[in-house]
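Per UniProt numbering, the sequence shown starts with residue 1, numbered consecutively.
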Amino acid sequence: MASNTPAVSAAAVRITGIDKAFGPVRANRGASLEVGAGEIHALVGENGAGKSTLMRILSGMFTPDAGTVEVNGRDVTGWSTAQAIDAGVGMVHQHFMLVPTLTVAENVVLGTEPKRGLQLDRERARREVRELSERTGLRVDVDRLVSALSVGEAQRVEILKALFRGARVLILDEPTAVLSPPEVVELWTVLRGLRAEGATLILITHRLNEVMEVSDAITVMRAGTTVGWLKTSETTPEGIARAMVGRDVALALALTGESTPPPRNVSTTGAPALAVRDLVVAAPGRPRAVDGVSFQLMPGEILGIAGVEGNGQTELIEAIAGLEPVVSGAIVLGSTDITRSTVRERGDAGLSHVPEDRHRRGLLLDYSVAENLVLGQQHRFSRGMALDRARIEQNAVEQVRTYDIRPTDASLPARALSGGNQQKVVIAREMMRDFTVLLASQPTRGVDVGAVEQIHDRIREARDAGKAVLLVSAELEEVLALADRVAVMFAGRFAAVLPRAEATEEVLGPYMTGANREEAA
Numbered sequence: 001m002a003s004n005t006p007a008v009s010a011a012a013v014r015i016t017g018i019d020k021a022f023g024p025v026r027a028n029r030g031a032s033l034e035v036g037a038g039e040i041h042a043l044v045g046e047n048g049a050g051k052s053t054l055m056r057i058l059s060g061m062f063t064p065d066a067g068t069v070e071v072n073g074r075d076v077t078g079w080s081t082a083q084a085i086d087a088g089v090g091m092v093h094q095h096f097m098l099v100p101t102l103t104v105a106e107n108v109v110l111g112t113e114p115k116r117g118l119q120l121d122r123e124r125a126r127r128e129v130r131e132l133s134e135r136t137g138l139r140v141d142v143d144r145l146v147s148a149l150s151v152g153e154a155q156r157v158e159i160l161k162a163l164f165r166g167a168r169v170l171i172l173d174e175p176t177a178v179l180s181p182p183e184v185v186e187l188w189t190v191l192r193g194l195r196a197e198g199a200t201l202i203l204i205t206h207r208l209n210e211v212m213e214v215s216d217a218i219t220v221m222r223a224g225t226t227v228g229w230l231k232t233s234e235t236t237p238e239g240i241a242r243a244m245v246g247r248d249v250a251l252a253l254a255l256t257g258e259s260t261p262p263p264r265n266v267s268t269t270g271a272p273a274l275a276v277r278d279l280v281v282a283a284p285g286r287p288r289a290v291d292g293v294s295f296q297l298m299p300g301e302i303l304g305i306a307g308v309e310g311n312g313q314t315e316l317i318e319a320i321a322g323l324e325p326v327v328s329g330a331i332v333l334g335s336t337d338i339t340r341s342t343v344r345e346r347g348d349a350g351l352s353h354v355p356e357d358r359h360r361r362g363l364l365l366d367y368s369v370a371e372n373l374v375l376g377q378q379h380r381f382s383r384g385m386a387l388d389r390a391r392i393e394q395n396a397v398e399q400v401r402t403y404d405i406r407p408t409d410a411s412l413p414a415r416a417l418s419g420g421n422q423q424k425v426v427i428a429r430e431m432m433r434d435f436t437v438l439l440a441s442q443p444t445r446g447v448d449v450g451a452v453e454q455i456h457d458r459i460r461e462a463r464d465a466g467k468a469v470l471l472v473s474a475e476l477e478e479v480l481a482l483a484d485r486v487a488v489m490f491a492g493r494f495a496a497v498l499p500r501a502e503a504t505e506e507v508l509g510p511y512m513t514g515a516n517r518e519e520a521a
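Right under this line is the structure:
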């Protein structure tokens, strides 16, 4: 049962009655939060609920329009980021803020460099960062360039950076969004260790199984305000979801993958919707990031690709989409060889693409929501040589309503939306194309439970209408919830391809780590 009065004995953080607006958009409406000292506290809510804004106010990035912020009993309302850091409040953002050309040690000490005279004392910096890394369990090579790190290693550097500056209240925004399952387990071990040392941790997350796994208490936000406080040990994922969205959510398939979908018979005869043959794709430092992959995707089928990120999934999808050049091999869409086709030609031939990085590939952040909803399809919304603004606006009204995009004002720039609502814009645009094959790469990354359910339903509807879907997800549960067949990618190859009925976490795990390897096509 949700309560609005947390029973916190000693509050490390107390936020009361916060209002914050950005032009016409009210991100926070009287929001409140209380976090006990030495507690792991989950902050959850739908996309656009105001979670990140509230935490940016706590970390000094934004100044509230009304309300108060207290840290360890001291009123710090309106403080700066520098003042927050000096007081021991640090934030690890969803999109990392590291300098790729510097080493791990140089990134961690940046701005607080130990000096020998007027020069950086490199040996002391390396020693202090290495000691902090070993003490906290955030192990990473202090001499490696950040550009050479995995996503999980880069996140460790961000946490080390905050701890090096003395953070005792640490805010983590969607900390597992880009981590592999083993990296998530490592992160929880680190956070529990920090809690044992007296640190206070606030997690912004959509993943309710993780909330149940690691948190002590939960604050739920909806539409900019606080709607409940829950003690983790006294609630369930279903109860949290209900508090978040105000209705029951089908969690079993939307989030956990615990319910195995009924087996479906996908025709293996007839022409494939997509055929990939002996595909080789290069990436910086990896001449065979995709190493001779072959497969067929049939109409009315979802083929899910599982695997730890960095094993060639990104390069495979982007090569099929026309965003990365092919070294050798062939890509055939229906009866058309699109190996050397442009992105526009592939779209016209029936290919739709939800990219994994919405900022880099999916949106023009300074363009309006309405304009982003027709990107790549402007020719469909033109009258002669000019864009038909009335049709673009009408389309935006329909998509905003269908996908529950918030705020509802489609004239706002895309950057004014939360990450989850930005993702809804990309999904809406790509699903309204006249496609035969959908490439869905991390389609629900950073999206709340209600929107996950909706996006999954749309993908299934496309499949049931005879479309073919190639799904890539770092969430094994998502692959298992949606796919008719599951391929595991390891070291640039398909290590296994299994019917969904045979694909379980126990079976797939060894293929994902390279313990089992077999040629599969």
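We put the CB at the ideal spot given by N, CA and C, even for glycine.
What is the DSSP secondary structure of Thr136, reduced to helix, strand or coil?
The residue given as residue 136 occupies position 136 in the sequence shown. Correct three-state label for Thr136: helix.
Starting from the N-terminal side, write out each stretch of the beta strand (DSSP E) that is 3 residues or longer and does not extend beyond the segment 31-81.
Whole beta strand (DSSP E) segments, 3+ residues: 40-45 and 66-71.
In the DSSP assignment, find the unbroken beta strand (DSSP E) run with Phe381 in it and report its ends.
The sequence position of residue 381 within the sequence shown is 381, counting from 1. Note, Phe381: premise wrong, no beta strand (DSSP E); not H, not E.
Under DSSP, the alpha helix (DSSP H) around Pro464 begins and ends at which residues?
Here residue 464 corresponds to residue number 464 of the sequence shown, with the count starting at 1. The question names Pro, but residue 464 is Asp in the sequence shown. Start and end: Val449 to Asp464.
Quick one: give me the first and last residue of the alpha helix (DSSP H) that Arg346 is part of.
Reading the sequence shown from its first residue, position 346 is the one you call residue 346. From DSSP, the alpha helix (DSSP H) with Arg346 extends over Val343 to Ala349.
Would you decide whether Met385 is buried or exposed? Buried here means 16 or more other CB atoms lie within 10 Å of its CB.
As a first step, residue 385 is located in the sequence shown; it is residue number 385 there, counting from the start. Classification for Met385: exposed.
Since Arg116 sits in a beta bridge, which residues does DSSP pair it with?
Residue mapping note: residue 116 aligns to position 116 of the sequence shown, counting from 1. Bridge partners of Arg116: Gln119.
What are the partner residues of Ile305, as DSSP defines its beta bridges?
Locating residue 305 in the sequence shown gives position 305, where the first residue counts as 1. In DSSP, Ile305 forms a bridge with Val472 and Ala487.
Return the first residue and the last residue of the alpha helix (DSSP H) that Ser317 is part of.
Along the sequence shown, read from residue 1 onward, the residue named residue 317 stands at position 317. According to the sequence displayed, residue 317 carries Ile and not Ser. Note, Ile317: alpha helix (DSSP H), Gln313 to Ala321.
Under a three-way DSSP split, which group does Gln442 fall into?
Stepping through the sequence shown from its first residue, residue 442 is reached at position 442. Coil at Gln442, not helix or strand.
Of the choices Gln442, Gly446 and Ala495, whose alpha-carbon is the least far from that of Leu470?
If you number the sequence shown from 1, residue 470 lands on position 470. Minimum Cα distance to Leu470 is reached at Gln442.
Met212 by DSSP, collapsed to three states: which one?
Sequence index remark: in the sequence shown, residue 212 carries index 212 (1-based). Helix.
Suppose you measure from the CA of Ser150 to the CA of Leu279; what does that come to, to the nearest Å?
For this step, residue 150 is matched to residue 150 along the sequence shown. For this step, residue 279 is matched to residue 279 along the sequence shown. So the alpha carbons of these two residues sit roughly 24 Å apart.
Can you list the beta strand (DSSP E) stretches of 3 or more residues lying completely in the segment 173-238, in chain order?
The segment 173-238 contains these whole beta strand (DSSP E) runs: 200-204, 217-222 and 225-231.
Using a Cβ-Cβ cutoff of less than 6 Å, which residues in the same chain neighbour Thr53 once the five nearest sequence positions on both sides are dropped?
Taking the first residue of the sequence shown as 1, we reach residue 53 at position 53. Closer than 6 Å at Cβ, skipping near neighbours: Lys20, Ala27 and Asn28.
In this structure, does DSSP put Arg168 in helix, strand or coil?
Your numbering for residue 168 matches position 168 in the sequence shown. Note: Arg168 maps to coil in three-state DSSP.
Taking 7 Å as the threshold (C-beta atoms), are Val426 and Arg358 in contact?
Working through the sequence shown from its first residue, we reach residue 358 at position 358. Working through the sequence shown from its first residue, we reach residue 426 at position 426. The answer is yes: Cβ separation under 7 Å.
According to the Cβ coordinates, are Ile320 and Ile331 closer than 7 Å?
The residue given as residue 320 occupies position 320 in the sequence shown. The residue given as residue 331 occupies position 331 in the sequence shown. For Ile320 and Ile331, yes; Cβs fall inside 7 Å.
Contact defined as beta carbons within less than 8 Å: I believe Pro272 pairs with Met298. What is the distance between those atoms, to the nearest angstrom?
For the purposes of this step, residue 272 is identified with residue 272 of the sequence shown, where counting begins at 1. For the purposes of this step, residue 298 is identified with residue 298 of the sequence shown, where counting begins at 1. About 6 Å; that satisfies the 8 Å criterion.
By a C-beta neighbour count over all protein chains shown, 10 Å radius and 16 as the cutoff for buried, is Pro287 buried or exposed?
Walking along the sequence shown from the start, residue 287 turns up at place 287. It is exposed - the Cβ of Pro287 has fewer than 16 other Cβ atoms within 10 Å.
Just to confirm, are Asn47 and Ser418 a CB contact at a threshold of 7 Å?
In the sequence shown, residue 47 corresponds to position 47, counting from 1. In the sequence shown, residue 418 corresponds to position 418, counting from 1. In this structure, Ser418 lies closer than 7 Å to Asn47 by Cβ.
Is Ile331 a contact residue of the ligand ATP, with contact defined as CB to any heavy atom under 6 Å?
This structure does not include the ligand ATP; it has no bound ligands of any sort.
In terms of residues, what are the limits of the alpha helix (DSSP H) holding Lys20?
Here residue 20 corresponds to residue number 20 of the sequence shown, with the count starting at 1. Looking at the DSSP string, Lys20 is not in any alpha helix (DSSP H); the run it does join, the beta strand (DSSP E), is Ala11 to Phe22.
Since I believe Ala49 is in contact with Gly224 (beta carbons under 8 Å), could you give me their beta-carbon distance rounded to a whole number of angstroms?
Taking the first residue of the sequence shown as 1, we reach residue 224 at position 224. Taking the first residue of the sequence shown as 1, we reach residue 49 at position 49. The pair is a contact, with the Cβ atoms about 7 Å apart (cut-off 8 Å).
Which whole-angstrom value describes the C-beta separation of Thr200 and Ala37, a residue pair presumed to lie in contact below a C-beta threshold of 8 Å?
Position 200 of the sequence shown, counted from the first residue, corresponds to residue 200. Position 37 of the sequence shown, counted from the first residue, corresponds to residue 37. Yes, Thr200 and Ala37 are in contact; Cβ-Cβ is about 6 Å, under 8 Å.
Would you mind working out which of Thr232, Val108 and Val293 sits nearest Arg127, comparing C-alpha positions?
Locating residue 127 in the sequence shown gives position 127, counting from the first residue. That would be Val108, whose Cα lies nearest to the Cα of Arg127.
DSSP three-state call for Gln296: helix, strand or coil?
Here residue 296 refers to the residue found at position 296 of the sequence shown. Strand.
Spatial neighbours of Glu393 within its chain, please: C-beta separation below 8 Å, excluding the five flanking residues on both sides.
As a first step, residue 393 is located in the sequence shown; it is residue number 393 there, counting from the start. Taken in chain order, the residues that qualify are Ala370 and Ala410.
Identify whether Leu255 lies in helix, strand or coil by the three-state DSSP scheme.
The count along the sequence shown starts at 1 and reaches residue 255 at position 255. Residue placement at Leu255 is poorly supported in this model, since its pLDDT is 47, which falls under 50; the coordinates are not used for a value here.
So, at 8 Å on beta carbons, what are the nonlocal neighbours of Glu356 in its own chain, with the 5 sequence-adjacent residues on each side left out?
On the sequence shown, position 356 is the one that residue 356 refers to. For Glu356, where only same-chain residues beyond five positions count, the Cβ hits under 8 Å are Thr314, Ile317, Ser441, Gln442, Arg445 and Val472.
Check this for me: beta carbons of Gly137 and Val190, under 7 Å apart or not?
Within the sequence shown, residue 137 is the residue found at index 137, counting from 1. Within the sequence shown, residue 190 is the residue found at index 190, counting from 1. Yes, the Cβ-Cβ distance between Gly137 and Val190 is below 7 Å.
Could you pull out every residue in the same chain whose Cβ sits closer than 6 Å to the Cβ of residue 522, ignoring the five residues on either side in sequence?
Summary: the structure shown does not reach residue 522, with the chain confined to residues 1 through 521, and so no result is reported for it.
Are the CB atoms of Val169 and Val92 nearer to each other than 7 Å?
Position 169 of the sequence shown, counting from 1, holds the residue named residue 169. Position 92 of the sequence shown, counting from 1, holds the residue named residue 92. No. Outside cutoff.
Does the separation of the CB atoms of Thr112 and Asp143 fall below 7 Å?
Residue 112 sits at position 112 when you count from the first residue of the sequence shown. Residue 143 sits at position 143 when you count from the first residue of the sequence shown. Result no, Cβ atoms of Thr112 and Asp143 do not sit closer than 7 Å.
Would you mind listing the alpha helix (DSSP H) stretches within the segment 80-110 that are 4+ residues and don't spill past its ends, in chain order?
Listed in chain order, they are 81-86 and 104-109.
Here's the rule: buried if 16 or more other CB atoms are within 10 angstroms of the residue's CB, otherwise exposed. What is His206?
Position 206 of the sequence shown holds residue 206. It counts as buried.
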